[in-house]
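As given, the protein sequences belong to chains A and B, one line each in that order.
The opening residue of the first sequence carries number 1 in the working numbering; numbering runs sequentially from there.
The opening residue of the second sequence carries number 1 in the working numbering; numbering runs sequentially from there.
Data block below; observations after.
Protein chains: 2
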Amino acid sequence: MNNSEIKDFSRLCIHTITTKPWSLEEAAKKFSAAGIAGISVWRDTLEGRDIRSTGKMLREYGLQIISLVRGGFFASVNEAKRTDVIKDNLNAIEEAYELGTPLLVLVCGADPQQSLEKSREHIRYGIKKILPKAEELGIKLAIEPLHPMYADTRSAIITLRQANDFVEKLNSPWLGVVIDVYHIWWDPVLIKEIIRCGQLGKIFAFHICDWKVPTEDLLYDRGLMGEGCIDIRQIRNQVEIAGFDGFHEVEIFSEKYWNSNQDEFLEKIKDAYLKHV
Amino acid sequence: MNNSEIKDFSRLCIHTITTKPWSLEEAAKKFSAAGIAGISVWRDTLEGRDIRSTGKMLREYGLQIISLVRGGFFASVNEAKRTDVIKDNLNAIEEAYELGTPLLVLVCGADPQQSLEKSREHIRYGIKKILPKAEELGIKLAIEPLHPMYADTRSAIITLRQANDFVEKLNSPWLGVVIDVYHIWWDPVLIKEIIRCGQLGKIFAFHICDWKVPTEDLLYDRGLMGEGCIDIRQIRNQVEIAGFDGFHEVEIFSEKYWNSNQDEFLEKIKDAYLKHV
């Protein structure tokens, strides 16, 4: 928990979406062979699988399953959709349980046809509806505040302050926050809110990548750590000073890297992790 | 100053960049013929011109020149660049004076090679250096906080709260704020900060366009009012309740519209203005 460099991969986790071209087995095998300790599983990779045996397979590769990604998307002008999405989130909590991961990441949603305030009401309602199941199965839920450029359709929870306000108010030990450097690096009150999130005991996960200059696509042009302008190490230190001692999760959406050799990309991730995180 | 619809174009202003394919003369002639009362002039349109006679020409078309766009870009790791940019801003103030507009818009800048805090120091220093000239020539300067997706290279002043803090601290009657719906619509504390900006007497300009869903380009895919998810009328009302009684300035960067028939585009702007602002 200090400013020192990271020396090994014992707290490194990679999201399956980061190496999207690989199947889940391939990713598990490669991460494991590379000495990486953690994997976060995107739900699309579980489609058509027996989830319990998938979890077993990942553990047999020596991997810790850090989180299931992602539930959420509670906001909609359409009531039937809101009901369906709550069911889907209940399913996601069961999937997390069967997979054997302690955490479900929530991208909370927004509907451009209504105000952000209204979307936040839907989010609050949805989370309240799924918390009992989370508690029953022992799965933690983590709200990921997203960058303001996603406020139209992806998240009405935009700043760490809002996420903190949310979890403080809902006041459940099963509900916390994901801090992702990509979404929050620009925030003038970032350090204050990281400290607050730590004091609340709510830093449930920490995601890393970088903001490329220029960024050429709003969704699929995230950078490898060190490629952009985010001071990742400083934020990592703040998060750890605030009490977080969990994994550093690499979550990169990048057409460029998805179109590249994934073995070389994995080497680049390891290298960038030691140099810039 | 109420929730009522706008009935005419006496407070409508269009930025020259909005109809970029048109020369300044063409834009002036068309805006004037369309009954639009105001024009904001981008500096690129003044290149190689006699600025005094250009101002005279615009006024002869019956147009009020609302602002010159834009100065700023004070932040740089390179000291020589910072010195040059201050000179350029002093020139911009003189250009505004010669043109006969009371306002220079500032996009304050950011350098991804340094922290946002450092960039803000450069901005503070630069603005202090140019304020005496602004005062001497009677030109107001207006800081435009930009959307967080521009925090890498365009503005380390990201939120209205920061802009308010800045102008409050620098405490000059010649320094205020531009509120542009595109940059600030997502902000959870927006209304509070609009009220504060009004109480400070600092709402110097109001810019409008829309956030398209989806937005396909970080720079050049702004929408016409009503095409996106911003509640422009609500923000306009807030700004006016806060005391603003100036022009509504249409500033749209759009490859799509630039590649379209500009006469038809101008009609669409007028129509969208009455319907959605």
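Every residue gets a Cβ at the ideal spot worked out from N, C-alpha and C, and that includes glycine.
Only a predicted model underlies this, so the values are computations on that prediction, with no experimental measurement involved.
- A/Ala-242 is positioned such that its CB atom lies no closer than 8 Å to that of A/Ile-208.
- For the region 192-213 of chain B, the beta-carbon criterion of a distance under 9 Å to any beta-carbon of chain A is satisfied by Trp-211, Lys-212, Val-213.
- Taking 8 Å as the Cβ-Cβ cut-off, the region 141-158 of chain B approaches chain A at His-147, Pro-148, Met-149, Ala-151, Asp-152, Thr-153, Ile-158, given in chain order.
- Chain-order list of chain A residues neighbouring B/Ser-115: Asp-231, by C-beta distance under 7 Å.
- Of the residues A/Tyr-150, A/Glu-95, A/Gly-48, A/His-248, the one whose Cα lies closest to the Cα of A/Val-69 is A/Glu-95.
- Out of B/Ile-36, B/Trp-186, B/Ala-134, B/Val-250, the CA that lies nearest to the CA of B/Leu-103 is found in B/Ala-134.
- Within its own chain, the residues whose Cβ lies closer than 6 Å to the Cβ of A/Gln-238, once the five positions on either side in sequence are excluded, are Ile-191, Ile-194, listed in chain order.
- The beta strand (DSSP E) runs lying completely inside the region 117-201 of chain A and spanning 3 residues or more are 140-143, 175-180, given in chain order.
- Put simply, the CB of A/Gln-238 is far from chain B, with every gap to its CB atoms at 8 Å or more.
- B/Ile-157 is not a Cβ neighbour of B/Lys-129, given a cutoff of 8 Å.
- Among the CB atoms of chain A, none fall inside 8 Å of the CB of B/Leu-160.
- Among the CB atoms of chain A, one or more fall inside 8 Å of the CB of B/Leu-218.
- DSSP places A/Ser-53 in the uninterrupted alpha helix (DSSP H) bounded by 51-60.
- Sequence-distant partners of B/Arg-120 (beyond 5 residues in either direction) whose C-beta falls short of 6 Å from its own C-beta, in its chain, are Ala-156.
- Around B/Gly-226, the same chain offers Asp-210, Ala-272, Lys-275, His-276 as residues with beta carbons nearer than 7 Å, after the five sequence neighbours per side are excluded.
- The region 179-186 of chain A and the region 174-186 of chain B do not touch, with fewer than three beta-carbon pairs separated by less than 8 Å.
- With its beta carbon less than 8 Å from one in chain B, A/Thr-215 belongs to the interface.
- Restricted to the region 219-254 of chain A, the beta strand (DSSP E) segments that are unbroken, complete and at least 3 residues in length are 248-250, listed in chain order.
- Between the beta-carbon of B/Ala-205 and that of B/Gly-138 there is about 16 Å, and that puts the pair past the 8 Å contact cut.
- DSSP, reduced to helix, strand and coil, places B/Ile-6 outside both helices and strands of the structure shown, so it counts as coil.
- For B/Trp-186, the C-beta contacts it makes with chain A under 8 Å involve Leu-116, Pro-148, Ala-151, Ile-158, in order along the chain.
- Pairing B/Ile-6 with B/Thr-19, the inter-Cα distance amounts to about 22 Å.
- Following the DSSP letters along the chain, one finds A/Gln-262 inside the alpha helix (DSSP H) bounded by residues 262-276.
- When the beta-carbon positions are compared, B/Ser-40 and B/His-15 come within less than 8 Å of each other.
- In chain order, Arg-70, Gly-72, Phe-73, Glu-144, Leu-146, Arg-154, Ser-155 place their CB closer than 7 Å to the CB of B/Val-107, counting only its own chain and leaving out the 5 sequence neighbours on each side.
- Chain B has a Cβ within less than 8 Å of the Cβ of A/Pro-112.
- Using a 10 angstroms sphere on the CB of B/Asn-78, the tally of other CB atoms stays under 16, which defines it as exposed.
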